[in-house]
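Respectively, the protein sequence lines represent chains A and B.
Residues in the first sequence are numbered from -11 upward in steps of one, following the numbering used here.
Residues in the second sequence are numbered from -11 upward in steps of one, following the numbering used here.
Glycine residues also receive a C-beta, built at the ideal position from the N, C-alpha and C atoms.
Below is one structure; the comments refer to it alone.
Protein chains: 2
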Amino acid sequence: MADSTIIQRCEAKGLRMTDQRRIVARVIGAADDHPDVEELYARASAVDPKISLATVYRTVKLFEEAGILERLEFGDGRARYEDAERDHHDHLIDVTTGQVIEFIDQEIEDLQEKIAARLGYKLIGHRLELLAVPVAKPSKT
Amino acid sequence: MADSTIIQRCEAKGLRMTDQRRIVARVIGAADDHPDVEELYARASAVDPKISLATVYRTVKLFEEAGILERLEFGDGRARYEDAERDHHDHLIDVTTGQVIEFIDQEIEDLQEKIAARLGYKLIGHRLELLAVPVAKPSKT
DNA sequence: ATAGTTGCAAACACTTTGCCGTTGT
DNA sequence: ACAACGGCAAAGTGTTTGCAACTAT
Chain A
-11 MADSTIIQRC EAKGLRMTDQ RRIVARVIGA ADDHPDVEEL YARASAVDPK
39 ISLATVYRTV KLFEEAGILE RLEFGDGRAR YEDAERDHHD HLIDVTTGQV
89 IEFIDQEIED LQEKIAARLG YKLIGHRLEL LAVPVAKPSK T
Chain B
-11 MADSTIIQRC EAKGLRMTDQ RRIVARVIGA ADDHPDVEEL YARASAVDPK
39 ISLATVYRTV KLFEEAGILE RLEFGDGRAR YEDAERDHHD HLIDVTTGQV
89 IEFIDQEIED LQEKIAARLG YKLIGHRLEL LAVPVAKPSK T
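In structure tokens:
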């Protein structure tokens, strides 16, 4: 189940697929940013104006528990979701703009496993966010 | 201001020091775990039974904004605080028990800077939590 | 047919805030 | 003295839930 859509993976897991769930699935699948629930609701509402916020919350939670979505928290108190099936990556947050940049670095992945092992643990996941400022423009200094 | 107490750093920054703030400062300084605000409130209440939860919230926020404390979020919806002056470290969370283990690894710190630089950014901070399970006991596999 | 789902509004958990009497400097 | 602070309870967020009507299988 490598390159399947969110909807296909839902079906594969036997989740009952309603119109609302399909809409939420599509909205997330189409997103290339990291929308919070309110934003998913706004995008879903554009497709079906009578979908409710509660349904969006229930749906993302369901999908998350099914391992289809991954919940992210960037420290602003709102949960964000992304397709769990996408290639693993971490996030760099531009603190000047709030922009989120995805990246992968195998070296850092390996290092994390090594650190966990050193502490007597087996790594099952991690959260890594780099907070940074652009290095380009500003005047001197 | 390397090895100073939280209270000393508050004074150095010119914060008005009340009894309540001193209590919160001491409670955090004495903690070797990662208490959430409710827990800080419980510990502070043991010293001064009439301190209010609102004051604890106001105080940790004030201290955080002064750069004296660091706010942590382990994904359970509650903010946790620790002394920002302690040596930098990251956290490994034992998902079977919720226990939090602190660690430092210079290699991973350097790598993060390198990654940020590669993306055109200057690293100003990061959040890293490893989620892991103990590797010892279990039977065969 | 029927167990699961939805929308709505009410309930929640955590955190912030307005008001007013109190306190640090 | 007086701006800043603390306690209280009320208000705010983001998220969850009870319920009656609806829908996928």
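Task: One or two residues paired with F51(B) in a DSSP bridge - done: F51(B) is not bridged to any residue.
TODO: Identify which residue in A42(A), G65(A), G63(A) and R74(A) has its Cα closest to the Cα of L57(A).
DONE: R74(A)
Task: Those residues which DSSP pairs with H79(A) across a bridge - done: DSSP lists E90(A) and E117(A) as partners of H79(A).
Task: Any C-beta of chain B under 7 Å from that of I92(A) - done: no
- [ ] Go ahead and pull the three-state DSSP assignment for I112(B).
- [x] strand
Task: When R59(B), D78(B), G17(B) and L111(B) are compared against L107(A), the one with the closest alpha-carbon - done: D78(B)
Task: CB-CB length for P37(B) against T84(B), believed under 8 Å - done: That belief does not hold up - the Cβ atoms of P37(B) and T84(B) are roughly 36 Å apart, past 8 Å.
Task: Residue(s) in a DSSP beta bridge with L60(A) - done: R68(A)
Open item on the list: Does the structure place the region -8 to 6 of chain A close enough to the region 21 to 37 of chain A that three or more beta carbon pairs sit under 8 Å?
Closed with: no
Open item on the list: Here's the rule I'm using: 16 or more other beta-carbon atoms within 10 Å means buried, otherwise exposed. How should T47(A) be labelled?
Closed with: T47(A) comes out buried.
Open item on the list: Quick test of your reading: P23(B) and R59(B), contact by CB under 8 Å. State the CB separation rounded to the nearest angstrom.
Closed with: So it is not a contact: roughly 12 Å between Cβ atoms.
TODO: Please classify D24(B): does DSSP put it in a helix, a strand, or coil?
DONE: strand
Open item on the list: If the cut-off is 7 Å on Cβ atoms, which residues from the region 33 to 67 of chain A count as contacting chain B, listed in chain order?
Closed with: E61 and G63
Task: chain B contact for H114(A) (CB, 7 Å cutoff) - done: Using a Cβ-Cβ cut-off of 7 Å, H114(A) counts as an interface residue toward chain B, since at least one Cβ of chain B sits closer than that to its own.
Task: Chain-order list of residues whose beta-carbon lies under 7 Å from that of V15(B) (same chain, five-residue window excluded) - done: L28, R31 and A32
Task: Nearest-angstrom Cα separation, counted from Q(-4)(A) out to H76(B) - done: When the Cα atoms are used, H76(B) and Q(-4)(A) turn out to be separated by approximately 44 Å.
Task: Buried versus exposed, by CB contacts within 10 Å (16 or more), E53(B) - done: exposed
TODO: Would you list, in chain order, the members of the region 65 to 88 of chain B that have their beta-carbon closer than 8 Å to a beta-carbon of chain A?
DONE: Of all residues in the region 65 to 88 of chain B, L80, D82 and V83 have a Cβ within less than 8 Å of some Cβ in chain A.
Open item on the list: Taking CB distances under 7 Å as the criterion, tell me whether P23(A) reaches chain B.
Closed with: no
Task: Inter-residue Cα distance where the pair is I11(B) and I112(B) - done: 30 Å
Open item on the list: Between the alpha carbons of R66(A) and I96(B), how many angstroms are there, rounded?
Closed with: 28 Å
Task: Beta-carbon proximity of E117(B) to R115(A), cut-off 7 Å - done: yes
- [ ] Give the interface partners of E26(B) over in chain A, defined as CB-CB distance under 8 Å, in chain order.
- [x] Under the 8 Å cutoff, chain A gives no residues; its nearest Cβ is about 17 Å from E26(B).
Task: Reference E26(A); option with closest CA among L41(A), A18(A) and S(-8)(A) - done: Ranking L41(A), A18(A) and S(-8)(A) by Cα distance to E26(A) puts L41(A) first.
Task: Contacts that E97(A) makes with chain B (C-beta to C-beta distance below 8 Å) - done: Those within 8 Å of E97(A) in chain B number zero; the least Cβ separation is about 10 Å.
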